[in-house]
Amino acid sequence: MTPHLDTHPDARPDPGSRQRALVRRSPLILAAVVLLAGAAVLAAQGHREAAGLSLQIVTVVPVPIALERAHRVRLPTALHAMYAALLLAAPWVGAALGGYDAWPWWDALVHFYSGVPIALGCVFLLGVAAARRGLVLPPGLEALLVMALHSLVALAWEIAEFTADQALGAQTQKGNTDTMTDMIVGTLGALIVAFALYAHRTRGRFAWLSRFTGS
57 MTPHLDTHPD ARPDPGSRQR ALVRRSPLIL AAVVLLAGAA VLAAQGHREA AGLSLQIVTV
117 VPVPIALERA HRVRLPTALH AMYAALLLAA PWVGAALGGY DAWPWWDALV HFYSGVPIAL
177 GCVFLLGVAA ARRGLVLPPG LEALLVMALH SLVALAWEIA EFTADQALGA QTQKGNTDTM
237 TDMIVGTLGA LIVAFALYAH RTRGRFAWLS RFTGS
């Protein structure tokens, strides 16, 4: 079995498929509602900067949907949920609501958690790419590619934070130690996924991974 591909992108979806898509994307809808409600409350309390940041976060909620449409795939509900949780935990609770300042450990926890959904997303997209080309990747190479792709995303994340600090004065990076800690703990989260993937491919363990690998 391979990750689900939409092989007939021009066909009109039936009502049942629309309902299933709505269910799969329900975590994103819930996250958007929470962010919009939070923005309204923050604005009413006079926290305009936090309210504005909440509205900015809403604009990136549909990213998984855009990926689905661009690549004609159906992301697992779990990926939608983990992405929504990451948005709420990192930029909203961490930045908009002051979690990073209130809990010094929150930043490291969020980056560790981020490694898991990012790596699982890489597992899924690698499976889609391999299936479309009729390839079967060796388990070791697949795990290594997942780590490499995660590292690329983590690098892009840190570059985005650096850019925001320089251009907008966001002050998300506290120095070299903070940046390296973020990358290390994020890599640890991805490493857990890579080891689990290797065990799944070679020994059939961690059956839950089948929803991402399609096996």
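For the sequence shown, the tail end lands on 271 under the working numbering, and the numbers increase by one without skipping. C-beta atoms are modelled at their ideal positions from N, C-alpha and C, and glycine is treated no differently.
From the options, residue whose alpha carbon lies closest to that of residue i
i, options, result
"L142", "V119, P120 and P173", "P173"
"E155", "V116, H136, L201 and A106", "Inspection of the sequence shows that residue 155 is occupied by Gly rather than by Glu. Selected option, being the one with the closest Cα: A106."
"L86", "S110, P160 and A140", "A140"
"L253", "G177, T228, D238 and L109", "G177"
"R125", "F218, R81 and V202", "R81"
"M239", "P83, G72, I215 and P194", "I215"
"R161", "S110, L144 and D234", "The residue asked about is misnamed: residue 161 is Trp in this sequence, not Arg. Of the candidates S110, L144 and D234, the one whose C-alpha sits nearest the C-alpha of W161 is D234."
"G108", "G94, L144 and P118", "G94"
"L144", "S207, V89, A263 and A204", "V89"
Per-residue DSSP class, three states only, for residue i
i, result
"V249", "helix"
"G117", "Note that residue 117 corresponds to Val in the displayed sequence, not to Gly. Of the three classes helix, strand and coil, the one that applies to V117 here is coil, per DSSP."
"V179", "helix"
"V241", "helix"
"V129", "strand"
"F262", "coil"
"W162", "helix"
"L142", "helix"
"H103", "coil"
"V149", "helix"
Distance between residue j and residue i (C-alpha atoms, nearest Å)
i, j, result
"T63", "M236", "At T63, the pLDDT of 43 sits below 50, so the modelled position is not reliable; the number obtained from the coordinates is stated separately. The alpha-carbon atoms of T63 and M236 are separated by roughly 42 Å."
"E198", "A77", "28 Å"
"N232", "R74", "47 Å"
"T269", "F180", "6 Å"
"L265", "A100", "44 Å"
"V17", "L98", "In the structure displayed, the chain extends from 57 to 271; residue 17 sits before or after that span and is not available."
"L123", "T115", "14 Å"
"D163", "H103", "22 Å"
"E217", "L91", "21 Å"
"Q229", "Q222", "10 Å"
"A146", "L135", "16 Å"
"R261", "V117", "32 Å"
"I121", "P83", "12 Å"
"S110", "V119", "16 Å"
Proximity test, residue i beta-carbon vs the ligand SAH heavy atom, cut-off 7 Å
i, result
"A137", "This structure lacks the ligand SAH; in fact it carries no ligand of any kind."
Environment of residue i [buried if 16+ CB atoms lie within 10 Å]
i, result
"I113", "buried"
"R189", "exposed"
"F251", "exposed"
"A258", "The amino acid at residue 258 is misidentified as Ala; the sequence shows Thr. Flag for T258 reads exposed."
"G242", "buried"
"L191", "exposed"
"M138", "buried"
"T219", "exposed"
"G196", "exposed"
"A96", "exposed"
"D66", "In this predicted model, D66 has a pLDDT of only 44, less than 50, meaning its place in the structure is not dependable; the value taken from the coordinates is given anyway. D66 is exposed by the Cβ-count criterion."
"V79", "exposed"
Three or more C-beta pairs under 8 Å: does that hold for the stretch 143 to 156 against the stretch 122 to 130? Judged by Cβ distances under 8 Å, the stretch 143 to 156 makes no contact with the stretch 122 to 130, as fewer than three pairs qualify.
With a threshold of 8 Å, are at least 3 pairs of Cβ atoms found where one atom belongs to the stretch 176 to 192 and the other to the stretch 211 to 223? Counting Cβ pairs under 8 Å, fewer than three are found: no touch.
Would you call the stretch 241 to 251 and the stretch 166 to 180 in contact, with 3 or more CB pairs under 8 Å? They touch, by the three-pair rule.
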